[in-house]
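For the sequence shown, the residue numbers in this note's numbering are 14 to 307.
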Amino acid sequence: MPERAAYHRLDGPWLEEAWERARIVLLDERGRVAAEGPTEAPRLVWFTAAEVVAPDAERLFLAEEDGIPYFAVLAELPEKPADGWRSVSLREVGAELVPFESSLLTEAIGLANWHRDYRFGPRTGTRLGWRNGGWEAEAVDGSEVVYPRTNPAIIVLVHDGVAGDEGRCLLTRGLTWPEGRYSCVAGFVEPGEAAEAAVFREVAEETGVRIREVRYLASQAWPLPASLMLGFYALAESDQPVTVEEVELADARWFTRGQLRGHGPGEAPIVPPPLSIAHELLTAWRDERIENPF
């Protein structure tokens with residue numbers, strides 16, 4: 014992972030000097046960036062300070078690696094050459110980028126989203142100004158200081174603990190999703206709530222299923238717009254009836270491991286793309302690549 018070098022954020026002279034030799038990623042208003050190379054192995058296009066034609070744009074300091082500073086800037090992409098780079102989103106290339114660039118892009122988009130959403134102080138309504146490499150916002154009258162926000166959310170694969178093709182997992186399909194696409198139960202952690210409690214609550218609210226054990230697996234930054242996904246496995250009896258919460262979901266049902274492997278019976282669901290932690294939760298369970306966490 015890139016070295017964020019947070020100690021540099023307070024050093025104004027260093028940031029000024031670093032800008033002149035930095036590698037800079039440009040983010041347009043839709044969060045799209047420039048990438049080049051083949052679709053299966055893209056690389057970000059890094060600009061120099063001289064190529065950034067938005068002198069008043071806020072400079073967001075991302076990291077320093079091997080003596081090279083990395084920044085992001087919210088600005089329109091320059092006109093692209095006919096045979097050069099292309100405009101892409103994190104969803105399109107995040108899973109194909111090398112981990113170093115994927116991590117920097119995720120950081121840049123998360124910070125940029127905060128800058129777009131927080132123009133006025135939430136407590137006083139006073140106009141904000143940016144400082145410390147883009148990592149703090151202070152009201153112009155000094156009345157408050159605002160820091161980047163990250164919203165914790167849980168995502169959980171509920172399964173019955175049975176090995177082999179007969180094992181079953183509980184998947185849901187959102188109202189606006191394509192037919193056949195399913196994923197794990199997910200939702201935001203509410204104020205005053207532990208992440209594990211949110212798992213029990215969200216599964217019950219969305220599907221009516223009662224789980225009995227929860228185990229944490231891993232987390233994923235998801236700056237679309239500002240979430241941290243906390244990934245879990247949960248154990249439940251798969252003979253429970255499913256009650257679909259119809260405000261957010263079009264369907265919820267149990268699938269066998271055999272269905273996910275493509276040799277049914279029953280149609281295989283379309284699983285989320287590799288960028289998401291849902292993909293890892295599902296495929297790791299499908300392929301029995303992890304020890305049973307229970």
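The beta carbon of each residue, even a glycine, is placed where N, CA and C say it ideally should be.
All of these numbers come straight from a predicted model, not from anything done at the bench.
{"query": "Nearest residue (CA-CA) to I168, options S240, G205, G177", "result": "S240"}
{"query": "Bridge partners - R132, DSSP secondary structure assignment", "result": "In the DSSP output, where bridge partners are listed per residue, R132 has none listed."}
{"query": "Of the listed residues A247, V260, T189, Y246, nearest to E219 (C-alpha basis)", "result": "V260"}
{"query": "Through-space distance from W27 to I81, alpha-carbon basis", "result": "12 Å"}
{"query": "Extent of the continuous beta strand (DSSP E) run through W143", "result": "141-144"}
{"query": "Span separating the alpha-carbon of F201 from that of A35", "result": "36 Å"}
{"query": "Those residues which DSSP pairs with G200 across a bridge", "result": "I167"}
{"query": "C-alpha gap between G187 and V255, whole angstroms", "result": "15 Å"}
{"query": "Beta-carbon proximity check, Y229 vs F213, cutoff 9 Å", "result": "no"}
{"query": "Beta bridge counterpart(s) of G244 as assigned by DSSP", "result": "I168, A231"}
{"query": "Paired residues, beta bridge with V160 - DSSP", "result": "Per the sequence presented here, residue 160 reads as Tyr, with Val not at that position. Y160 pairs with nothing; no bridge assigned."}
{"query": "Beta-carbon spacing of E29, L75 below 9 Å", "result": "no"}
{"query": "Neighbourhood of M14 by C-beta, 6 Å cutoff - its chain only, sequence neighbours within 5 removed", "result": "S116"}
{"query": "DSSP bridge partner residues for F60 (one or two, in chain order)", "result": "I37"}
{"query": "For E49, the three-state DSSP class (helix, strand or coil)", "result": "strand"}
{"query": "G147 in three-state terms, based on DSSP", "result": "helix"}
{"query": "Distance, G142 Cα to E105 Cα", "result": "32 Å"}
{"query": "Beta-carbon proximity of G107 to L243, cut-off 9 Å", "result": "no"}
{"query": "Distance CB(A62)-CB(A88) smaller than 9 Å", "result": "no"}
{"query": "Separation of I283 from G193, as counted between CA atoms", "result": "6 Å"}
{"query": "Alpha-carbon to alpha-carbon, V227 and E209", "result": "7 Å"}
{"query": "For E209, three-class secondary structure by DSSP", "result": "helix"}
{"query": "Whole-angstrom C-beta distance between G146 and H276, which should lie under 8 Å", "result": "Their Cβ separation, rounded to whole angstroms, is 53 Å, which puts H276 and G146 out of contact at 8 Å."}
{"query": "Distance CB(V101)-CB(P161) smaller than 9 Å", "result": "no"}
{"query": "Cβ pair L23, V38 closer than 9 Å", "result": "no"}
{"query": "Every unbroken beta strand (DSSP E) inside the region 250-300 [3 residues or more]", "result": "262-269"}
{"query": "E4 - containing alpha helix (DSSP H), residue span", "result": "Coverage of the chain is limited to positions 14 through 307, which leaves residue 4 absent and any answer about it impossible."}
{"query": "Residues sharing a beta bridge with L184, DSSP", "result": "R266"}
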